[in-house]
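Asks:
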Amino acid sequence: MYLRNNCYLVNGYHNSAIYDLNNRKVYSVNKSGRNLLEKYLKHDKIVEDKDDKEFIALLTKYGLVTENKDESNNTDNINKVEPQLKYAWLEITGKCNLKCIHCYGQFGANHVKNKDYLSTEEWKIIIDTLIKNNCREIQLIGGEPMVHKDFYEILKYAYKKGMKRIDVFTNATLINEESIKIFKETNANVRISLYGSNQETHEKITKTKGSFNKTERALKLLRDNNIKTNIAVVIMKENENNISEIREYINLLGLEYSGYDVIRPSCVMNNQEHMVTNYDTIKSRYNVAPEFYTCEESFYSNHFYNSCWNGKIAITANGDIIPCIFARNDIIGNVKDVSSLEKLKKNIIKKWSITKEEVMVCKDCEFRYCCHDCRPLAEGVAGNKKAKYPRCCYNPYDGEWMDIKECTKEVKI
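If you're matching positions, the sequence shown starts at 0 in numbering that gives the first Met the number 0 and goes up one per residue.
Following this line, the structure appears as structure tokens:
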């Protein structure tokens, strides 16, 4: 008996999983099933046991095994994919016109002095360098990117130089008719922060009077002009009772609701004050059952590279290069110190190459090639860069799924 072509058995400490790349599915296999597979796979043993026959019949029904060697994987070797820079966050300013209570960068405090900011010309050089390195997808962020005096100039320059995808992450309070015109010209995707379905809830978080009405006006402008818009909802203690209303509000605006994230522990210590208080709020963000999917690209890539960081960098307002916007202290280098990203390539690839094989607990899990990862979140929750991905309730050492109440450290009771 053989696994069909593009089907792989991955062993964990206690259980196993079959990755069916043909149908993008991942099947959990308990210890008994694992023992049976090890007994019959790549062997010509005659199956006589009734239970064994039933299990193999089930695997055959799902298209996972075959008796024909020609229909099987010829090798279990996974070819390494060459690393490629694909996406960059460009934090063009550290300034912000809001004072959000949970901000990971404390941008409203204007903690970075103007003299330390990269100039507009330096941002243009960075865009040129990204293009040269075949990175053609960027996101302009801040702070609040639209606070930058040359925001439109930078946006238009990126488009002119050949960026295929330009995302703008904004609080939307500065969007006007001119913005709409330029977003259309540059084919920009706009991602907007929204914290409530009403002024009271939203401004309890932004700490800025009038910000809700400005954001609402912008959402309507974007909708009416068919600008690609995505709404980013972050939930914390102050708005966790407003989730269903936020969803309804977005739908009533005629825009798409794509769920929410929950405030992340970070270097901003007062984030602890804003942690959610309800387990149901956080549950949707957690792995609480073996409901995974896979594909060829991610399965092969996750053997060698981090499922989140791979192919991405962030460049801060003062030129620091970090793996992502949440990894504020994980500085790889600074663009002012080098003439080209090529010189930083080795250190960047080291960050990309932190796979689940290096992560405590996760390295012994059968789902390590299909599970999401977030190293900054792990460090924020556990204080260790190599700690288990904290939004997973699975224990690979006994093959059991824990209750969310036993698992999470992101709820403050």
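Ideal Cβ placement from N, Cα and C applies to all residues, glycine included.
Using the DSSP secondary-structure output, state which residues sit across from Glu168 in a beta bridge.
Replies: Here residue 168 turns out to be Phe, not Glu, going by the sequence shown. Beta-bridge pairing links Phe168 to Arg190.
Asks: Asn22 to Phe168, Cα distance in whole Å?
Replies: Each residue's alpha carbon lies about 34 Å from the other.
Asks: Give me whichever residues DSSP pairs with Tyr39 in a beta bridge.
Replies: Looking at the DSSP assignment, Tyr39 forms no beta bridge with any residue, so it has no partner.
Asks: Based on the DSSP secondary-structure assignment, which residues constitute the bridge partners of Val261?
Replies: DSSP, once it has assigned bridges, lists Ile234 as partnering Val261.
Asks: Here's the rule: buried if 16 or more other CB atoms are within 10 angstroms of the residue's CB, otherwise exposed. What is Ser178?
Replies: Buried, since its Cβ has 16 or more Cβ neighbours within 10 Å.
Asks: Could you name the residues that DSSP lists as bridge partners for Asn333?
Replies: Per DSSP, Asp319.
Asks: When you compare only the Cα positions, how much space is there between Ile249 and Ser196?
Replies: If I take the Cα positions, the gap works out to 8 Å.
Asks: Out of Cys392, Cys369, Cys361 and Asp402, state which residue places its alpha-carbon closest to the alpha-carbon of Leu20.
Replies: Selected option, being the one with the closest Cα: Cys369.
Asks: Could you check whether the region 154-171 touches the region 124-144, counting it as contact only if at least three pairs of C-beta atoms, one from each stretch, sit closer than 8 Å?
Replies: Counting Cβ pairs under 8 Å, three or more are found: they touch.
Asks: Count the other CB atoms, across all protein chains shown, that sit within 10 Å of the CB of Gly93; report buried if there are 16 or more and exposed otherwise.
Replies: Buried, by the Cβ-count rule.
Asks: To the nearest angstrom, how far is it from the Cα of Asn4 to the Cα of Glu90?
Replies: Near 44 Å, if we compare the C-alpha coordinates of Glu90 and Asn4.
Asks: Please say whether Phe298 and Cys373 have beta carbons closer to each other than 9 Å?
Replies: In this structure, Phe298 does not lie closer than 9 Å to Cys373 by Cβ.
Asks: Start and end of the alpha helix (DSSP H) containing Trp351?
Replies: That run of the alpha helix (DSSP H) goes Lys344 to Trp351.
Asks: Quick check: the region 73-89 against the region 192-211, are there 3 or more CB pairs under 8 Å?
Replies: Segments in contact, no.
Asks: Which of the three DSSP states is assigned to Glu136 in this structure?
Replies: Note: Glu136 maps to strand in three-state DSSP.
Asks: Should Tyr151 and Thr65 be called a contact, given that it needs their Cβ atoms to be closer than 9 Å?
Replies: No, the pair does not count as a contact, with Cβ atoms beyond the cut-off.
Asks: Comparing alpha-carbon positions, which option in Pro375, Ala316 and Cys361 lies nearest Tyr116?
Replies: Nearest of Pro375, Ala316 and Cys361 to Tyr116, Cα basis: Ala316.
Asks: Which value, in whole angstroms, describes the spacing of the CA atoms of Lys350 and Lys44?
Replies: In a straight line, the C-alpha of Lys350 is about 45 Å away from that of Lys44.
Asks: For the alpha helix (DSSP H) containing Tyr388, name the first residue and the last one.
Replies: Note, Tyr388: premise wrong, no alpha helix (DSSP H); not H, not E.
Asks: I'd like the list of long-range same chain contacts for Lys206, defined as Cβ closer than 6 Å, with 5 residues on each side in sequence excluded.
Replies: If we look at Lys206 and ignore the five residues flanking it on each side, its Cβ neighbours are Lys98.
Asks: What does the Cβ neighbour count give for Lys414, buried or exposed, with the cut at 16 atoms within 10 Å?
Replies: Because the chain here runs from 0 to 412, residue 414 falls outside it and cannot be looked at.
Asks: With respect to 8 Å, is the separation between the Cβ of Asp48 and the closest non-hydrogen atom of the ligand ADP below this value?
Replies: The ligand ADP is absent from the structure shown, which contains no ligand whatsoever.
Asks: Is Glu356 closer than 9 Å to Ala16 when the C-beta atoms are compared?
Replies: No; because the gap between Cβ atoms is not below 9 Å, this pair is not in contact.
Asks: Using three-state DSSP, classify Trp308 as helix, strand or coil.
Replies: It is coil, neither helix nor strand.
Asks: How should Ala187 be labelled, buried or exposed, when 16 other C-beta atoms within 10 angstroms of its C-beta is the threshold for buried?
Replies: It is buried - the Cβ of Ala187 has at least 16 other Cβ atoms within 10 Å.
Asks: Measure the Cβ-Cβ separation of Cys361 and Tyr285 and say whether it is below 9 Å.
Replies: In this structure, Tyr285 does not lie closer than 9 Å to Cys361 by Cβ.
Asks: With DSSP collapsed to three states, give me the class of Val358.
Replies: Coil.
Asks: Please work out which residues of its chain come closer than 6 Å, Cβ to Cβ, to Cys266, disregarding the five sequence neighbours upstream and downstream, and give them in chain order.
Replies: Residue confidence for Cys266 is low, a pLDDT of 49 falling below 50, so the modelled location carries little weight and cannot support an answer.
Asks: For Ala231 and Ala87, which I take to be in contact (beta-carbon distance under 8 Å), what is that distance rounded to the nearest angstrom?
Replies: Actually they do not touch by this definition, with Cβ atoms about 18 Å apart.
Asks: Let me know if Val28 comes out buried or exposed under the rule of 16 or more other beta-carbons within 10 Å of its beta-carbon.
Replies: Classification for Val28: buried.
Asks: Does the separation of the CB atoms of Pro395 and Asn14 fall below 9 Å?
Replies: Against a cut-off of 9 Å, the Cβ pair of Asn14 and Pro395 comes out as a contact.
Asks: Assuming Ile320 and Asn333 make a contact with CB atoms under 8 Å, what is their CB distance in whole Å?
Replies: Confirmed, Cβ separation roughly 7 Å.
Asks: Would you list the residues sitting across from Tyr292 in a DSSP beta bridge?
Replies: Answer is Lys24, bridged to Tyr292.
Asks: Is the beta carbon of Glu184 closer than 9 Å to that of Tyr158?
Replies: Contact flag set, yes.
Asks: Of all the options Cys6, Asn305, Ile100 and Gly32, which has the alpha carbon lying nearest to the alpha carbon of Glu70?
Replies: Closest option to Glu70, Cα to Cα, is Cys6.
Asks: Mind checking who Val64 pairs with in its DSSP beta bridge?
Replies: Answer is Leu2.
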